[in-house]
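Chemist: For the protein sequence lines, the chains are L and D, in the order given. Counting in my numbering, the first sequence runs from 830 upward without gaps. Counting in my numbering, the second sequence runs from 6 upward without gaps. Just so you know, even glycine gets a beta-carbon here, dropped at the ideal spot from N, CA and C. Remember, it's a predicted structure, so these values are computed and weren't measured experimentally.
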Amino acid sequence: MKEFGPDYYNITEMLTEEELLIQKTANDFVLNEFKPLVNEHYENGTFPKELIPKLGDLGFMGSSLPVEFGGSGVSNVAYGLILHELERGDSGLRSFASVQGALVMYPIYAYGSNDQKKKWLKLLGSGNKIGCFGLTESNFGSNPGSMLTRCKKDGDNWIINGSKMWITNGSIADIAIVWARDEEGLVRGFILEKGMEGFSASDIHGKLSLRCSITSELSFENVCVPDSSRLPNVEGLKGPLSCLTQARFGISWGMMGAATDCYQVALNYAKERKQFSKPIAAYQLTQSKLANMLTRITEGQLMAYQLAKLKDDERMNFLQVSMAKRNNCMIARDVAKTAREILGGNGITIDYSPIRHMANIESVFTYEGTHEMHTLILGEDITKISAFDN
Amino acid sequence: MMKIAVLIKQVPGSESPLSIADSNVWLDEEKVAYIMNESDNYALEEALLLKEGTQDCEVVVVSLGPERVKKIIREGLAKGADRGMHLNINSNDVTDPLSIAKIFADALKSENFDLILSGLQSDDLGHGQTGIIIGELLKMSTGSLAVSTKLDGDQIAIKQEMEAGFFQNVRMSLPASITIQSGLNTPRYPSLKGIMGAKKKEIKTLDIDSSDQKLKISKLYLPSSSNEITMIDGSPDQIVENLVKVFKSEIKI
Ligand SMILES: Cc1cc2nc3c(=O)[nH]c(=O)nc-3n(C[C@H](O)[C@H](O)[C@H](O)COP(=O)(O)OP(=O)(O)OC[C@H]3O[C@@H](n4cnc5c(N)ncnc54)[C@H](O)[C@@H]3O)c2cc1C
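(1) Assuming residue 931/L contacts residue 1072/L under a Cβ cut-off of 8 Å, what Cβ separation, rounded to an integer in Å, is found between them?
(2) Drop a sphere of 10 angstroms on the beta-carbon of residue 74/D, count the other beta-carbons inside from all chains shown, and report buried for 16 or more, exposed for fewer.
(3) Counting C-beta neighbours from all protein chains within 10 Å, is the total for residue 1183/L 16 or more, i.e. buried, or is it exposed?
(4) Does the structure place the segment 1023-1043 of chain L close enough to the segment 910-926 of chain L that three or more beta carbon pairs sit under 8 Å?
(5) At least one CB of chain L closer than 8 Å to the CB of residue 41/D: is that the case?
(6) Any heavy atom of ligand 1 closer than 7 Å to the Cβ of residue 1044/L?
(7) Apply the 10 Å Cβ neighbour rule to residue 1105/L and answer buried if 16 or more other Cβ atoms are within range, or exposed otherwise.
(8) Whose Cβ in chain D lies nearer than 9 Å to the Cβ of residue 901/L?
(9) Quick check on this structure: which residue in 1058/L, 1077/L and 1128/L has the alpha carbon closest to the alpha carbon of residue 946/L?
(10) As a quick exercise: from 1159/L, 1170/L, 1156/L and 1091/L, pick the residue whose alpha carbon is nearest that of residue 914/L.
(11) Exposed or buried, what is residue 1144/L when buried is set at 16 or more other beta-carbons lying within 10 Å of its beta-carbon?
(12) Within a Cβ cutoff of 8 Å, which residues of the same chain sit near residue 1132/L, ignoring the five residues on either side of it in sequence?
(13) Please tell me whether, using a cut-off of 7 Å, the distance from the CB of residue 964/L to the nearest non-hydrogen atom of ligand 1 is below it.
(14) Measuring alpha carbon to alpha carbon, tell me which of 962/L, 961/L and 977/L ends up nearest residue 968/L.
(15) Verify whether the separation of the beta carbon atoms of residue 835/L and residue 1089/L is less than 8 Å.
(16) Any residues in the segment 66-79 of chain D with a beta carbon nearer than 8 Å to a beta carbon of chain L? Which ones, in chain order?
(17) Does the structure place the segment 134-149 of chain D close enough to the segment 180-188 of chain D that three or more beta carbon pairs sit under 8 Å?
(18) Could you list the residues in the segment 15-40 of chain D with a C-beta less than 7 Å from some C-beta on chain L, going in chain order?
(19) So, is residue 1084/L buried or exposed, given that buried needs 16 or more other C-beta atoms within 10 angstroms?
(20) Let's test the definition: count the other Cβ atoms within 10 Å of the Cβ of residue 1180/L and tell me whether it reaches 16, buried, or not, exposed.
(21) Of all the options 1005/L, 983/L and 924/L, which has the alpha carbon lying nearest to the alpha carbon of residue 964/L?
(22) Taking all protein chains shown into account, do 16 or more other C-beta atoms lie within 10 angstroms of the C-beta of residue 186/D, making it buried, or fewer, making it exposed?
(23) When you check each C-beta in the segment 864-894 of chain L against every C-beta of chain D, which residues fall closer than 8 Å?
(24) Have a look at residue 193/D and residue 199/D and give me their C-alpha separation to the nearest angstrom.
(25) Quick one: which residues of the segment 842-863 of chain L get their C-beta closer than 7 Å to a C-beta of chain D? List them in chain order.
(26) For a contact meaning CB atoms closer than 7 Å, what does residue 832/L contact in chain D?
(27) Between the alpha carbons of residue 62/D and residue 110/D, how many angstroms are there, rounded?
(28) Output the residue ranges of the beta strand (DSSP E) runs that lie fully inside the segment 1043-1107 of chain L and measure 3 residues or longer, sorted by chain position.
(29) I'd like to check one pair, residue 1007/L with residue 1025/L: are the Cβ atoms closer than 8 Å?
(30) Using the C-alpha atoms, what's the distance from residue 1168/L back to residue 1094/L?
(31) Straight-line CA distance for residue 20/D to residue 840/L?
(32) Please classify residue 194/D: does DSSP put it in a helix, a strand, or coil?
(33) Interface residues of chain L around residue 83/D at Cβ under 7 Å?
(34) Please determine whether the Cβ atom of residue 961/L lies at a distance below 7 Å from any heavy atom of ligand 1.
(35) Give me the residue from 135/D, 52/D and 69/D with the minimum Cα distance to residue 156/D.
(36) Taking the beta carbon of residue 114/D as the centre, do at least 16 other beta carbons fall within 10 Å, making it buried, or is it exposed?
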């Protein structure tokens, strides 16, 4: 950690040599390969697809899954550090890796048949195939349990009808993990392949956040898939929700990467920018901002680190993940905003990363369970009274 | 089997804070962020490329220094070197290229390497001699500032960078010790698979006695800056006149 940003509470000392080298590799990669491209892609609303095979070669997709299932068998701390570095570059890059690893490889790994694992996991881990995850619908975001997408058994096949909205990687994906409700009302997961009749994707335009990421709408018109494309080992909403727990874990780390980048940019600027007679860093108001940013980043780092340790010990629960996702998004959101303030007029341009992070964080604040949803999840656990009407 | 040694040195990173230790002869090591010397990283990549183009080839990364240098040895192993050698020395006293080269030559002799690659110079001391002296001590062919290498049977062809933009193609018989210029290839990143696999690779440690040294640093200090600003006042014509005077007589343009 300390080589690449603030580490006020010496987390570096708790990292293994492998974890340190993994972070360095991810940091080097982002600095040399991604940073030179990000602004242009952000402005154009595109994703640098040419980097996907490199991400795969390095092992950045689904890294914590076992090697035989397309991962690299690294610790959850190492996986978190990778996402930290990717999001230091841009949330779009981290989102790509999160979707591929936590929302596509993970469900196939956890709930797929042996044939499905054999067919897809290595290809996804190496970046030869790209995946997306379709849960949200235009009218059902925070409340995915009421989804309208339907699957209906037809002999040995299933017929899928409906649509999904806000799907990261949707139009560039070779496969889609799609969640649909059957005639008995049970949610089931399917692996849909690009080009299947009746399956199409179109991009959502006009985003002012997460611009360096593809977001699409998926539509299914009588898409006929064999039963062998169904994820056989899970039924019900816990299927998609357990995937989200994996992805939210990564977000809690990623957000600290974005926050760290904002903090470092603002700190350097504050030391160099002179107004009146002194650098703006010399004024108490700026120092107060910097002290708050550093304290909150430290808090978020410690939460993410301990969460990863719990995950490595297989003792992490989804409530802890909700708390970290909620908290670290809020920290990053505040840090990015404060960094932007310190940068003054320059801070509103793409030449300085905080406003890009700031806009991105609005998506991260909302997806994978909005801030409010995680508040209610924690509220329910605290009071044992559900605020949701079922 | 073809055996290649790559000599890698751990040096302070270019962005590392550099403060001088109380002894005034070395840096405060606590505060330094160390990295693999830049040109050594290119030498390592060159060795790995040669390995990939050669049947039955072993790449050994070798580093001289205290315990901390194991970090870059593991980095080398993670990138694809087969094994590591740590020449363990517990001081920063040995800084002259001849003494350093003798340590390497003694340690490497029995390994009978076909090829020794090293960076053209270290970014901290910058002598630029170590690789060549080692080659001489081990009676190997030597070449410096290679910008390309090609193995050809029991020979190696290299392109050397000369002064003033000239290049020289030379061919020499193995064994050879060659120093590598930065920028001749694109060093790879260690993959996660490589990093996780590096744990299982051997690092042999040899303890080095550092009593023999020819050179001692007597004082390390930051250059003191002596900025002098002369303000030139007056009307535009007077300013131009005075400025031209300064250009002619003081700066001598
Ligand atoms: C860039 C981007 C990428 C995405 N990628 C994916 C993807 O790959 N796959 C996927 O399936 N989905 C994806 N999503 C969808 C995302 O998960 C949803 O946007 C999110 O769940 C919120 O749903 P919604 O937008 O419909 O908002 P709504 O659910 O309509 O919420 C609107 C507001 O109301 C609040 N609210 C809702 N219910 C309550 C309540 N009971 N009490 C209090 N407040 C409430 C919410 O917190 C929010 O502030 C993505 C979204 C974005 C923006």
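Modeler: The relevant details are as follows:
(1) 6 Å
(2) buried
(3) buried
(4) yes
(5) no
(6) yes
(7) exposed
(8) 196, 197, 198, 200 and 201
(9) 1058/L
(10) 1091/L
(11) exposed
(12) 1081, 1152, 1153, 1156 and 1157
(13) yes
(14) 977/L
(15) yes
(16) 76 and 79
(17) yes
(18) 38
(19) buried
(20) exposed
(21) 1005/L
(22) buried
(23) 886, 887, 888, 889 and 892
(24) 11 Å
(25) 846, 847, 850, 851, 854, 857 and 858
(26) 38
(27) 21 Å
(28) 1044-1055
(29) no
(30) 8 Å
(31) 21 Å
(32) coil
(33) 850
(34) yes
(35) 52/D
(36) exposed
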